[in-house]
Amino acid sequence: MLKGKIILLTGATDGIGYQTAIELAKLNPVLILHGKNLKKGETIKKELISWSGNKQIHYFNADLSSFSQIEAFSEAIHKEFQHIDILINNAGIYESNKIILDNGFEKTFMVNHLAAFSLSLSFLDLLKKANNAKIINVSSMVHAGSIDFGNLNAEKSYSGDSAYSLSKL
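Using our numbering, the letters of the sequence shown map in sequence onto residues 164 to 332.
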């Protein structure tokens, strides 16, 4: 069913993303893995090829807390692939301390929410070229708490739990 489909999986080097990559590799798609640690990503790519026999596995590196790296990642994918059948926005972080990035956004919200939105938009043209393309956003039920719209970017206060919850809207 997925053989030959082009699947892009963000956050593929740890946790849910890593386990998803293992299972997807067995189904023989063209699998595009994303991570933020080049050495780890290349090692995982080689392991998946060895374990699954699927030689159509690619790895791309990008820090999703940076709009410029998101843009460079998107450009690299556009150069190499004509379409994407399935985009899985899985990458996510949990920061116990407040980190405001140079772009002005709180890091957890940037990586978990804005990056997924930015990637979905930047790959929309490639998704539209596929037959019945899908975008899958991996989330969590922690978002079910109340939302303080006056503190979306941790302007008033910060806790890792509330930042993570807001990022999983």
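In this text, a Cβ means the ideal position worked out from N, Cα and C, and glycines have one as well. The model shown is predicted, which means the values in this text are computed figures rather than measured ones.
Applying the criterion that 16 or more other CB atoms from any shown protein chain within 10 Å of the CB defines a buried residue, is residue i buried or exposed?
i, result
"SER322", "exposed"
"PHE312", "exposed"
"LEU201", "exposed"
"LYS199", "buried"
"SER303", "exposed"
"SER228", "buried"
"PHE236", "buried"
"SER215", "buried"
Is residue i helix, strand or coil by DSSP?
i, result
"ASN275", "helix"
"ASP270", "Here the sequence assigns Lys to residue 270, which means Asp is not the residue at that position. The answer is helix: DSSP assigns LYS270 an H, G or I state."
"ILE262", "coil"
"LYS297", "strand"
"LEU165", "coil"
Would you say residue i and residue j are within 8 Å of each other, going by their C-beta atoms?
i, j, result
"GLY180", "ASN253", "yes"
"LEU264", "MET273", "yes"
"GLU269", "ASN300", "no"
"ALA239", "LEU211", "no"
"MET171", "ILE256", "It is worth fixing the name first, because residue 171 is Leu in this sequence and not Met. Their beta carbons are not under 8 Å apart, which means LEU171 does not touch ILE256 by this criterion."
"HIS221", "LEU196", "yes"
"GLY174", "VAL193", "no"
"LEU282", "ILE233", "yes"
"ASN266", "PHE230", "yes"
Note down, in chain order, each residue of its chain lying with its Cβ closer than 8 Å to the Cβ of residue i, except the 5 sequence neighbours on either side.
i, result
"MET164", "LEU190"
"SER259", "GLY323"
"ASP226", "LYS199, GLN232"
"ALA279", "THR173, ASN252, ALA254, ASN300"
"GLN182", "none"
"LYS218", "ILE212"
Between residue i and the rest of its own chain, which residues show a CB-CB distance below 7 Å, the 5 nearest in sequence each way excluded?
i, result
"ALA293", "HIS246, ILE247, ASP248"
Between which residues of its own chain and residue i is the CB-CB distance below 6 Å, once the five residues before and five after are set aside?
i, result
"LYS261", "ALA317, TYR321"
"ILE298", "LEU250, SER283"
"ALA295", "Reading the sequence as shown, one finds Asn at residue 295 and not Ala. Excluding sequence neighbours, ASN295 sits near nothing in its chain."
"LEU290", "ILE247, ALA296"
Tell me, please, whether the CB atom of residue i is closer than 8 Å to any CB atom in chain B?
i, result
"LYS270", "Considering every chain present, this structure includes no chain B. It has just one protein chain."
### Message
To test your reading of the DSSP string, which unbroken beta strand (DSSP E) runs of 3 or more residues are found completely within the region 181-255?
### Response
193-198, 220-224, 249-252
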